[in-house]
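Residue numbers are given in UniProt numbering: position 276 of the sequence shown equals residue 276, and the series is strictly consecutive.
Contents: one structure, followed by commentary.
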Amino acid sequence: MYNMYHSQTSCPLGTAPYVIRAGDTFFAIAMRYGISLEALIAANPGVNPDRLFIGQIICIPMKPPSPPPTACPPGTMPYVIRAGDTFYSIARRYNVSLDALIAANPGVDPDRLQIGQVICIPVTPPPPPPPPPPPTPVCPTLRRTSTGPSVRQLQELLRDAGFDPGPIDGIFGPRTEEAVRTFQRSKGLTVDGIVGVQTWTALGVDCSVVPPPTCPTGTTPYTIRAGDTFFALAERFNTTVDAIRRANPGVDPNNLQIGQVICMPTTTPPPTCPTGTTPYTIRAGDTFFALAERFNTTVDAIRRANPGVDPNNLQIGQVICIPTTTPPPTCPTGTTPYTIRAGDTFFALAERFNTTVDAIRRANPGVDPNNLQIGQVICIPTA
């Protein structure tokens, strides 16, 4: 049975005495000292938490000292977990694979990371990229009825070599075919009227050299180097992944080859953002929650400003619209707006603002207290 007049005379090892003051509750004391309510009750077995009195002495469990930094094996480096970190975001930030990060931390549960926890990041350089594939002949095979720029090039080469192909019109007709046959005969080639690698080579064309692509207006050719990705290029050239994709419709971004030539947008017009918002380019680690805190707005406001954006699939280089001003919610008389921060609960807010959980519930009938979001704005009773 609890003794309402019980007062500690000495506190056990690992705890410190504390004198009850006006307004103190076990819940408020636990939050103030960053300990659990259960630990506080266990440290004071003879104290009734519901009958504290001013001047009463209780025992506060002391936090254990922080563990020393994790000893990371060779080829890795220590990293301290911060708010919002996940194995996936860390792997992307440090350009390592998720599997490698998990393997470097065998005793760590990726789903239960703690702020301040130390993990190991692999820093071993990746193996050298495979050698580029041998160049592929790019001289097209042309025959009777072929048309286009390659036929025009063929006709010009035949004319320059002294073999009359007829009009330089890009149409492989009878006169062009006859000129090809005459040329092939003069070079000791198979006389079939079909222009393949051997005929192109005899005309002086190096079929192993890949010509740069014809890039559309507003783009410029770029040669892929080791480590290049569409995401990295978007950041380097101040453009977006979507813009690079649109400029290279036939390129597989997951299978880029060293030496491959793609088209890089030279200018990317900013998106048309509605009045009261400003463009923002997504960077590694960005989330709607983090952006709401950084720009002093709310997640709901960012969602409304970007109706076509999936907040769970943001891409580095993607441009979204950030509200520049967020009008305060319409709170009823006797309440004031409050923006939810990490760790907030209705219970904690009731203690902090000297009100009750029921009063906060009544002031926020449409809010689920079990699903508060960072950046969400609620109403706090002021009286």
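Even glycine gets a Cβ: it sits at the ideal position worked out from N, Cα and C.
Quantities reported herein were computed from a predicted structural model and do not represent experimental measurements.
Beta-carbon proximity of residue i to residue j, cut-off 8 Å
{"i": "ILE322", "j": "TYR280", "result": "yes"}
{"i": "PRO180", "j": "GLY193", "result": "According to the sequence as given, residue 180 is Val; it is not Pro. Yes, Cβ-Cβ distance for VAL180 and GLY193 is below 8 Å."}
{"i": "PHE87", "j": "PRO110", "result": "yes"}
{"i": "ARG92", "j": "ALA284", "result": "yes"}
{"i": "PRO61", "j": "ALA43", "result": "yes"}
{"i": "ALA292", "j": "PRO332", "result": "no"}
{"i": "VAL241", "j": "GLN315", "result": "yes"}
{"i": "ALA22", "j": "ILE58", "result": "no"}
{"i": "ARG303", "j": "PRO311", "result": "yes"}
Residue i in three-state terms, based on DSSP
{"i": "LEU142", "result": "strand"}
{"i": "ALA16", "result": "strand"}
{"i": "ILE58", "result": "strand"}
{"i": "TYR338", "result": "strand"}
{"i": "PRO149", "result": "helix"}
{"i": "ILE320", "result": "strand"}
{"i": "THR345", "result": "coil"}
{"i": "THR355", "result": "coil"}
{"i": "THR278", "result": "strand"}
{"i": "VAL377", "result": "strand"}
{"i": "ILE90", "result": "helix"}
{"i": "ILE262", "result": "strand"}
{"i": "PRO174", "result": "helix"}
{"i": "VAL241", "result": "helix"}
{"i": "PRO197", "result": "Residue 197 is actually Val in this sequence, not Pro. Helix, per DSSP."}
{"i": "THR223", "result": "strand"}
{"i": "GLY166", "result": "coil"}
{"i": "THR76", "result": "strand"}
{"i": "VAL118", "result": "strand"}
{"i": "ASP160", "result": "helix"}
{"i": "ALA305", "result": "helix"}
{"i": "SER186", "result": "helix"}
Integer Cβ distance of residue i from residue j, believed to fall under 8 Å
{"i": "PHE27", "j": "GLU351", "result": "6 Å"}
{"i": "PRO381", "j": "ALA348", "result": "About 15 Å separates the two Cβ atoms, so there is no contact after all."}
{"i": "PRO149", "j": "GLY170", "result": "7 Å"}
Cα-Cα separation, residue i to residue j
{"i": "ALA202", "j": "ALA243", "result": "41 Å"}
{"i": "ARG175", "j": "THR214", "result": "29 Å"}
{"i": "GLU178", "j": "CYS207", "result": "23 Å"}
{"i": "LEU157", "j": "THR145", "result": "18 Å"}
{"i": "PRO265", "j": "ASP252", "result": "17 Å"}
{"i": "THR336", "j": "THR298", "result": "16 Å"}
{"i": "VAL309", "j": "GLY75", "result": "39 Å"}
{"i": "PHE295", "j": "GLN56", "result": "45 Å"}
{"i": "PRO78", "j": "PRO106", "result": "14 Å"}
{"i": "PRO49", "j": "ASN313", "result": "47 Å"}
{"i": "THR330", "j": "GLY116", "result": "38 Å"}
{"i": "ASN354", "j": "LEU40", "result": "22 Å"}
{"i": "ASN254", "j": "TYR94", "result": "19 Å"}
{"i": "PHE346", "j": "PRO369", "result": "6 Å"}
{"i": "PRO140", "j": "VAL118", "result": "58 Å"}
{"i": "GLY14", "j": "ALA232", "result": "51 Å"}
{"i": "THR324", "j": "LEU52", "result": "48 Å"}
{"i": "THR356", "j": "THR272", "result": "45 Å"}
{"i": "SER89", "j": "ASP99", "result": "13 Å"}
{"i": "PRO221", "j": "GLN318", "result": "22 Å"}
{"i": "PRO45", "j": "VAL19", "result": "16 Å"}
{"i": "THR136", "j": "GLY250", "result": "For THR136, the predicted structure reports a pLDDT of 47, less than 50, and the residue's modelled location is therefore unreliable. The matter cannot be settled from this model."}
{"i": "ARG185", "j": "VAL191", "result": "6 Å"}
{"i": "ALA226", "j": "VAL197", "result": "31 Å"}
{"i": "CYS11", "j": "GLN114", "result": "30 Å"}
Quiz item: Any chance the stretch 19-37 sits against the stretch 82-97, with 3 or more Cβ pairs inside 8 Å?
Solution: With contact defined as three or more Cβ pairs closer than 8 Å, the stretch 19-37 and the stretch 82-97 are not in contact.
Quiz prompt | Any 3 or more C-beta pairs closer than 8 Å across the stretch 331-342 and the stretch 362-382 | solution = The stretch 331-342, when compared against the stretch 362-382, does touch it at the 8 Å Cβ threshold.
Quiz item: If you pair each beta-carbon of the stretch 256-263 with each one of the stretch 284-291, do three or more pairs fall below 8 Å?
Solution: Output reads no: the stretch 284-291 does not touch the stretch 256-263.
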